[in-house]
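Chemist: I'd like to ask some things about the structure below.
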Amino acid sequence: MEVKNEKIKKILRTLSQFLQGKEEALRLSLITFFSNGHLLIEDLPGLGKTTLAVGIAKITGLSFGRVQATSDLLPTDITGLSIYNKQTEKFEFHPGPIFNNVVLVDEINRATPKTQSALLEAMGEKQVTIEGQTYKLPKPFFVIATQNPVEQYGTFPLPESQMDRFMMKISIGYPSREAEREILKGGSKREQLYKIQPIMDKDQVIETQKEIDQVYLSDKIVEYILDIAEATRRSKYFSAGLSIRGTLALVKTAKTSAYFNGRDYVIPEDIKSLLPYTVVHRVLLHEVYENTDHREIVLSVVENIPVPA
Amino acid sequence: MIKVKNVVYVLSYLIGFIGFLAVFRFVGGLYSAVFLSLLIFGIFVDRNEREVIPRIFLNLISLTVVIFLFFRVSEEDLVVPVLETLLLLLGIKFVEKKEFRDFMQIYTISVFLLAGSALLTIDISFMFFFIFLFFSTVLAIILLTYYSQDRDLSFDKDVFKKIIKGSSAIPLMAVPFTALLFVVLPRTEQPVFSFFNLGSQGKTGFSDIVELGDVSHIQEVETVAMRIKINRKMDINPENVYIRGVVLNFFDGKRWLRKNVDENDYVEIKNPVLQEIILEPTGRRYILAFDTPVKINLRGVQKDGDYVYRYRKNIYSRIKYTAISDIKAVIKSDQINRRIYTQLPKDIHQEVRNLAHKLKGDNTKKTVDNVISHLRNSYRYTLTNLPAGDDPVYRFLFVDKKGNCEYFASSAALLLRLNKIPVRLVAGYRGMRYNEIGDYYIVPYKYAHTWIEVYINGEWIRFDPTPSYSAYVIGKEKGGLSEKIRLIFDAVEYAYINSIINYDIKNQLSLLRKTEGFVFSFGKDLKKVKEFLPYVLVSIVLGMFVFLFVKIRLESYEERLIKRFNKKMEKLGYKRKENEGLEEFTKRIRDDEIRKKALIFVKEFEGVYYTDKKIDKNLYKELLSHIDNINIKG
Numbered sequence: 002m003e004v005k006n007e008k009i010k011k012i013l014r015t016l017s018q019f020l021q022g023k024e025e026a027l028r029l030s031l032i033t034f035f036s037n038g039h040l041l042i043e044d045l046p047g048l049g050k051t052t053l054a055v056g057i058a059k060i061t062g063l064s065f066g067r068v069q070a071t072s073d074l075l076p077t078d079i080t081g082l083s084i085y086n087k088q089t090e091k092f093e094f095h096p097g098p099i100f101n102n103v104v105l106v107d108e109i110n111r112a113t114p115k116t117q118s119a120l121l122e123a124m125g126e127k128q129v130t131i132e133g134q135t136y137k138l139p140k141p142f143f144v145i146a147t148q149n150p151v152e153q154y155g156t157f158p159l160p161e162s163q164m165d166r167f168m169m170k171i172s173i174g175y176p177s178r179e180a181e182r183e184i185l186k187g188g189s190k191r192e193q194l195y196k197i198q199p200i201m202d203k204d205q206v207i208e209t210q211k212e213i214d215q216v217y218l219s220d221k222i223v224e225y226i227l228d229i230a231e232a233t234r235r236s237k238y239f240s241a242g243l244s245i246r247g248t249l250a251l252v253k254t255a256k257t258s259a260y261f262n263g264r265d266y267v268i269p270e271d272i273k274s275l276l277p278y279t280v281v282h283r284v285l286l287h288e289v290y291e292n293t294d295h296r297e298i299v300l301s302v303v304e305n306i307p308v309p310a
Numbered sequence: 071m072i073k074v075k076n077v078v079y080v081l082s083y084l085i086g087f088i089g090f091l092a093v094f095r096f097v098g099g100l101y102s103a104v105f106l107s108l109l110i111f112g113i114f115v116d117r118n119e120r121e122v123i124p125r126i127f128l129n130l131i132s133l134t135v136v137i138f139l140f141f142r143v144s145e146e147d148l149v150v151p152v153l154e155t156l157l158l159l160l161g162i163k164f165v166e167k168k169e170f171r172d173f174m175q176i177y178t179i180s181v182f183l184l185a186g187s188a189l190l191t192i193d194i195s196f197m198f199f200f201i202f203l204f205f206s207t208v209l210a211i212i213l214l215t216y217y218s219q220d221r222d223l224s225f226d227k228d229v230f231k232k233i234i235k236g237s238s239a240i241p242l243m244a245v246p247f248t249a250l251l252f253v254v255l256p257r258t259e260q261p262v263f264s265f266f267n268l269g270s271q272g273k274t275g276f277s278d279i280v281e282l283g284d285v286s287h288i289q290e291v292e293t294v295a296m297r298i299k300i301n302r303k304m305d306i307n308p309e310n311v312y313i314r315g316v317v318l319n320f321f322d323g324k325r326w327l328r329k330n331v332d333e334n335d336y337v338e339i340k341n342p343v344l345q346e347i348i349l350e351p352t353g354r355r356y357i358l359a360f361d362t363p364v365k366i367n368l369r370g371v372q373k374d375g376d377y378v379y380r381y382r383k384n385i386y387s388r389i390k391y392t393a394i395s396d397i398k399a400v401i402k403s404d405q406i407n408r409r410i411y412t413q414l415p416k417d418i419h420q421e422v423r424n425l426a427h428k429l430k431g432d433n434t435k436k437t438v439d440n441v442i443s444h445l446r447n448s449y450r451y452t453l454t455n456l457p458a459g460d461d462p463v464y465r466f467l468f469v470d471k472k473g474n475c476e477y478f479a480s481s482a483a484l485l486l487r488l489n490k491i492p493v494r495l496v497a498g499y500r501g502m503r504y505n506e507i508g509d510y511y512i513v514p515y516k517y518a519h520t521w522i523e524v525y526i527n528g529e530w531i532r533f534d535p536t537p538s539y540s541a542y543v544i545g546k547e548k549g550g551l552s553e554k555i556r557l558i559f560d561a562v563e564y565a566y567i568n569s570i571i572n573y574d575i576k577n578q579l580s581l582l583r584k585t586e587g588f589v590f591s592f593g594k595d596l597k598k599v600k601e602f603l604p605y606v607l608v609s610i611v612l613g614m615f616v617f618l619f620v621k622i623r624l625e626s627y628e629e630r631l632i633k634r635f636n637k638k639m640e641k642l643g644y645k646r647k648e649n650e651g652l653e654e655f656t657k658r659i660r661d662d663e664i665r666k667k668a669l670i671f672v673k674e675f676e677g678v679y680y681t682d683k684k685i686d687k688n689l690y691k692e693l694l695s696h697i698d699n700i701n702i703k704g
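Protein chains in written order, with my numbering: chain A, 2 to 310; chain B, 71 to 704.
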């Protein structure tokens, strides 16, 4: 198989102009996007989450929707609802913001559990059921949810079981001094962002996703993934290890990473380099170790597993 | 296109089946049936490609079978239960879903079965099984390595032929080693085919039928008939030892046969001699020992009234036993059946009758002396141009006037019987040769001998009418270099037989118990161990050699390349951690030159390794050259 990832490289190059110093976050987001997964960004406000989401939507020519989560947000505010039309004497369905290809759910932990679960269910099933009627969500479908790490009153932290539904959890972080200097000098580029020409269209995105699925996964790599899963499941530090959805996510993201790197086969580095984003949020620490650094302890377990070669 | 998988499976079935055939004759019918059904079931399972019975369950059964073995095995019956157990384990292996190691286990068990069968008997079939197993196992292992790399690998017919050719070269290369092993391998003294024509051997050797005029020419056979170990302190002249085999009492003019006699001979034991005897297969039932044997320590031996010992079955494999004899003792009998011992053939030539009458003395003893001295003085010993025809005794006495011991003994017996003196013929061996190297005696086939026993005053007294026998047969021994070499080889073989073949624990134990402080001192035992030690060492070294060879061969190209790369990088000061991917590792190399070159190898290797492509020899060499290239700096 020939890897045709020039367009992806071009996307990365183009969007980097708008996201100085956040190239890694951009790459991870795109990996999630092409792996058919959803992204959770845990970060402080004002660090470019919206730019990221809009950028991905624009450059792939996809529709963009945004949900600002608040404690009074209702499930129907996301999914949409049926309203009675007097003229036709029928209920008409008004789709919510979720009926977009790229959906940004800002501060998801502010929404009530009821709303959260409605959203997460839509993410998992890629369809919405309202009043007995099932509506398919558009393809591709990509949710970027953000969450504020600082503990605040009036938030509902995502239940750990739901975290599993996000393929990756990343944080953008502060840009470097130089990058921020460039941002300050250049001013906001939001206007330009909305004007960029798409490099791919919807069909090409789906095509690429299919191609990525064809990336070869050796039994050796499968064993490596199983080793990782087993390590998390057996470790004394964790009360819950990697789920099957988790191992599947490892496979998918690894394939995409390989594709991004111009390979039609997966190497252990594809998996290993993504471990901090794919595994950490899926593993639950044992109560005893709750005060330790979650990320460090998980990585110390999974990153020390011998590679196949 | 031929699928490697199919070939590997079929070969494995065949190898297992050959292993079964090798032991089929010895194991119980139930075991054979169970094995066969397991094999067939296994084939069925493989065809459906699913695990019908969980491995853990099969492992438990295997364990039970092995534990069961410990209850069944006894010191006198060691080999057969082990073979039966191995057979069951092999059957169970076939039912399992087969991985690489399962195939290897199947091959190993099959070879064990064949090796085990060799402990029971070696005949021509062993050779066929051995050759087949040798070639097919080598081929199977080679194909197996392919198969384990790629389960769906297929070969062209030509490629396949090439592989077969190449793999048959391996056993051929092993031939020099085999020649070496030949010294240590168990083998019978007799040519493999000899049992098919036991009836009329034109060779010297012990037989339970003495037939005159059957062959005109007798070959002298150097081959060893038996090996005897006795206490050296015993005052025995090895040339004058008579080894009693069978007593013959019925003569039909041409042949001497054995008829059952109801008789109760007895012996007063004065000087018991204990012998440890290894008897080569005779195809007959008679057990031999120094004349007169009073006790044979061997299960299944029956003693007849005239001191003839019969084994429960014909002896087709080497056996080992101990016997107690009294060389100087005389067999006594209070009552004998005179009619049997003076039986005469029909149509005796008048001249023979006349001769018998002429030789009659005043009493029995005198008559015997006359007959013996007449035969000894007037006739010549020979093995060629033997008298033949319908009346061989007449021809011997009056026409040819030469013959071998059978003619002398037969004539003496006939002449005495014509004088109404009870006589019987004894067949066995006379004389033995001492092997200094191994401290034991050899009795070759050519020492086979026939003599008579005459009943005088309630005693059976041995007379040997054959003239200058010892001068003719025993004295002829050459003392040359070839003889010495033969003795050395025989000593090696003796040590081997003693330790391995017919290793009948019960016999050994009883021997130890009975002879403690009598024949075997502790020192001798130690000596025995010392004799055996070199072989143990040699086989350990050989075993290690084979193990290393197999290990190197089984280590795939991939493993070898990775090892080589890691070693090379370590030499250059970059140690790769085991959790470090190749690229990840290479990227942290600071030296640009080394990193670049390492990356060339890593990229190419990854492209093969992680796409599960088969590395062939050329690619292996290419990748190897990339590794070797990393060395060059600047």
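Each residue gets a CB set at the ideal place from its N, CA and C atoms; glycine is no exception.
Taking E25/A as the query, report the chain B residues whose CB atoms sit under 9 Å from its CB, ordered along the chain.
Modeler: The count along the first sequence starts at 1 and reaches residue 25/A at position 24. Neighbours of E25/A on chain B: none; closest Cβ ~16 Å, over 9 Å.
Chemist: Give every residue of the same chain whose Cβ lies closer than 6 Å to the Cβ of G66/A, excluding the five residues on either side of it in the sequence, and list them in chain order.
Modeler: To locate residue 66/A, count along the first sequence from 1; it is residue 65. P98, N101 and V104.
Chemist: Are the Cβ atoms of V303/A and A250/A separated by less than 8 Å?
Modeler: Along the first sequence, one-based indexing puts residue 303/A at 302. Along the first sequence, one-based indexing puts residue 250/A at 249. Result no, Cβ atoms of V303/A and A250/A do not sit closer than 8 Å.
Chemist: Using only the alpha-carbon positions, how far apart do A295/B and T392/B sit?
Modeler: As a position in the second sequence, residue 295/B is number 225, starting the count at 1. As a position in the second sequence, residue 392/B is number 322, starting the count at 1. Spanning the two alpha carbons is a distance of roughly 16 Å.
Chemist: Alpha carbon to alpha carbon, what distance is there between D682/B and P277/A?
Modeler: As a first step, residue 277/A is located in the first sequence; it is residue number 276 there, counting from the start. As a first step, residue 682/B is located in the second sequence; it is residue number 612 there, counting from the start. Using only the alpha carbons, I get a separation of about 27 Å.
Chemist: Does any residue of chain A bring its CB to less than 8 Å from the CB of T656/B?
Modeler: Residue numbering aside, residue 656/B sits at position 586 when the second sequence is read from its first letter. T656/B does not count as touching chain A.
Chemist: Starting from Y238/A, follow its DSSP beta bridges and name the residues at the other end.
Modeler: Within the first sequence, the letter at position 237 stands for residue 238/A. Answer is none; Y238/A lacks a bridge partner.
Chemist: If you measure from the CB of Q372/B, is any heavy atom of the ligand GDP nearer than 7 Å?
Modeler: With respect to small molecules bound, the structure shown includes none, and the ligand GDP cannot be examined in it.
Chemist: List the residues that DSSP assigns as beta-bridge partners of F230/B.
Modeler: Numbered from 1 along the second sequence, position 160 holds the residue referred to as residue 230/B. BP columns for F230/B are empty, so no partner.
Chemist: What does I632/B reach in chain A if we use C-beta pairs closer than 7 Å?
Modeler: The residue given as residue 632/B occupies position 562 in the second sequence. Ordered by position in chain A, the residues that pass the 7 Å Cβ test against I632/B are A310.
Chemist: I'd like to know if the region 521-533 of chain B and the region 506-513 of chain B are in contact, where contact means that at least 3 CB-CB pairs between them fall below 8 Å.
Modeler: no
Chemist: Sorted by chain position, which residues of the same chain lie with C-beta nearer than 6 Å to Y627/B's C-beta, five sequence neighbours on each side aside?
Modeler: Against the second sequence, residue 627/B aligns to sequence position 557. For Y627/B, where only same-chain residues beyond five positions count, the Cβ hits under 6 Å are I685 and Y690.
Chemist: Inspect the CB distances between the region 189-198 of chain A and the region 237-251 of chain A and report whether three or more fall short of 8 Å.
Modeler: In short, these stretches do not touch, since the Cβ pair count stays below three.
Chemist: Report yes if the C-beta distance between N310/B and D396/B is below 8 Å; otherwise report no.
Modeler: The residue labelled residue 310/B in the question sits at position 240 within the second sequence. The residue labelled residue 396/B in the question sits at position 326 within the second sequence. Not closer than 8 Å, so no.
Chemist: Opposite D107/A in the DSSP bridges: which residues?
Modeler: The residue you call residue 107/A lines up with position 106 of the first sequence. Beta-bridge pairing links D107/A to Q69/A.
Chemist: What does DSSP give as the partner residues of E281/B in its beta bridges?
Modeler: Along the second sequence, read from residue 1 onward, the residue named residue 281/B stands at position 211. BP columns for E281/B point to R325/B.
Chemist: I want to see whether chain B comes within less than 8 Å of D214/A, judged by CB atoms only; does it?
Modeler: For this step, residue 214/A is matched to residue 213 along the first sequence. For D214/A, the answer is no, since every Cβ of chain B falls outside 8 Å of its Cβ.
Chemist: Relative to chain B, which residues along the region 256-268 of chain A have a C-beta separation below 7 Å, given in chain order?
Modeler: Y266, V267 and I268
Chemist: Here's the rule: buried if 16 or more other CB atoms are within 10 angstroms of the residue's CB, otherwise exposed. What is L607/B?
Modeler: Against the second sequence, residue 607/B aligns to sequence position 537. Exposed.
Chemist: Would you kindly work out how many angstroms separate the C-alpha atoms of A119/A and T113/A, rounded to a whole number?
Modeler: Taking the first residue of the first sequence as 1, we reach residue 119/A at position 118. Taking the first residue of the first sequence as 1, we reach residue 113/A at position 112. Going from the Cα of A119/A to the Cα of T113/A covers about 10 Å.
Chemist: Using beta carbons (cut-off 8 Å, strictly below), is L694/B in contact with chain A?
Modeler: For the purposes of this step, residue 694/B is taken as the residue at position 624 of the second sequence. False, the Cβ-Cβ gap to chain A never drops below 8 Å.
Chemist: Is it buried or exposed, V36/A, if we count other Cβ atoms within 10 angstroms and call 16 or more buried?
Modeler: If you number the first sequence from 1, residue 36/A lands on position 35. The sequence given here has Ser at residue 36/A, not Val. The residue is buried, with at least 16 neighbouring Cβ atoms inside 10 Å.
Chemist: For G315/B, which of Y377/B, N367/B and G323/B has the nearest alpha-carbon?
Modeler: The residue labelled residue 315/B in the question sits at position 245 within the second sequence. That would be Y377/B, whose Cα lies nearest to the Cα of G315/B.
Chemist: Which chain E residues sit within Cβ distance under 9 Å of S219/A?
Modeler: This model lacks chain E altogether; the protein chains it does include are A and B.
Chemist: Kindly list the residues whose CB is nearer than 7 Å to the CB of M124/A, restricted to its own chain and excluding five residues on each side of it in sequence; keep chain order.
Modeler: Locating residue 124/A in the first sequence gives position 123, counting from the first residue. Excluding sequence neighbours, M124/A sits near H39, V144 and R166.
Chemist: Are G713/B and L184/B closer than 8 Å when you measure CB to CB?
Modeler: Residue 713/B falls outside the range modelled here, since chain B spans only 71 to 704, and no answer is possible.
Chemist: Quick check on L485/B: buried or exposed, where buried means 16 or more other Cβ atoms within 10 Å of its Cβ?
Modeler: The residue labelled residue 485/B in the question sits at position 415 within the second sequence. With 16 or more Cβ atoms within 10 Å of its Cβ, L485/B is classed as buried.
Chemist: Kindly give me the distance between the Cβ atoms of I179/B and L156/B, rounded to whole angstroms, as I take these residues to be in contact under 8 Å.
Modeler: In the second sequence, counting from the first residue as 1, residue 179/B sits at position 109. In the second sequence, counting from the first residue as 1, residue 156/B sits at position 86. 6 Å between Cβ atoms; contact.
Chemist: How is the beta strand (DSSP E) around F96/B delimited, first residue to last?
Modeler: Indexing the second sequence from 1 puts residue 96/B at position 26. From DSSP, F96/B is part of no beta strand (DSSP E); its letter is neither H nor E.
Chemist: Do you know whose CA, among V616/B, S102/B, L282/B and V165/B, lies nearest P151/B's CA?
Modeler: In the second sequence, counting from the first residue as 1, residue 151/B sits at position 81. When each option's Cα is compared against that of P151/B, the closest is S102/B.
Chemist: Under 8 Å between the Cβ atoms of R328/B and N319/B?
Modeler: Position 258 of the second sequence, counted from the start, is the residue given in the question as residue 328/B. Position 249 of the second sequence, counted from the start, is the residue given in the question as residue 319/B. Yes, they are a contact pair.
Chemist: Buried or exposed: which applies to V611/B, given that a residue is buried once 16 or more other Cβ atoms fall within 10 Å of its Cβ?
Modeler: Locating residue 611/B in the second sequence gives position 541, counting from the first residue. By the neighbour-count rule (16 or more Cβ atoms within 10 Å), V611/B is not buried but exposed.
Chemist: Assess contact between the region 692-703 of chain B and the region 662-681 of chain B, defined as three or more Cβ pairs (one per stretch) separated by less than 8 Å. Is contact present?
Modeler: yes
Chemist: For F141/B, collect the residues of the same chain with a Cβ closer than 6 Å to its Cβ; drop the 5 residues on either side in sequence, then sort them by chain order.
Modeler: For the purposes of this step, residue 141/B is taken as the residue at position 71 of the second sequence. Contacts found: none.
Chemist: Output the distance between the C-alpha atoms of E43/A and G643/B, rounded to the nearest integer angstrom.
Modeler: The sequence position of residue 43/A within the first sequence is 42, counting from 1. The sequence position of residue 643/B within the second sequence is 573, counting from 1. Their Cα atoms are separated by approximately 41 Å.
Chemist: By how many angstroms is the C-alpha of Y564/B removed from the C-alpha of A497/B?
Modeler: Against the second sequence, residue 497/B aligns to sequence position 427. Against the second sequence, residue 564/B aligns to sequence position 494. Looking at the two C-alpha atoms, the distance is approximately 25 Å.
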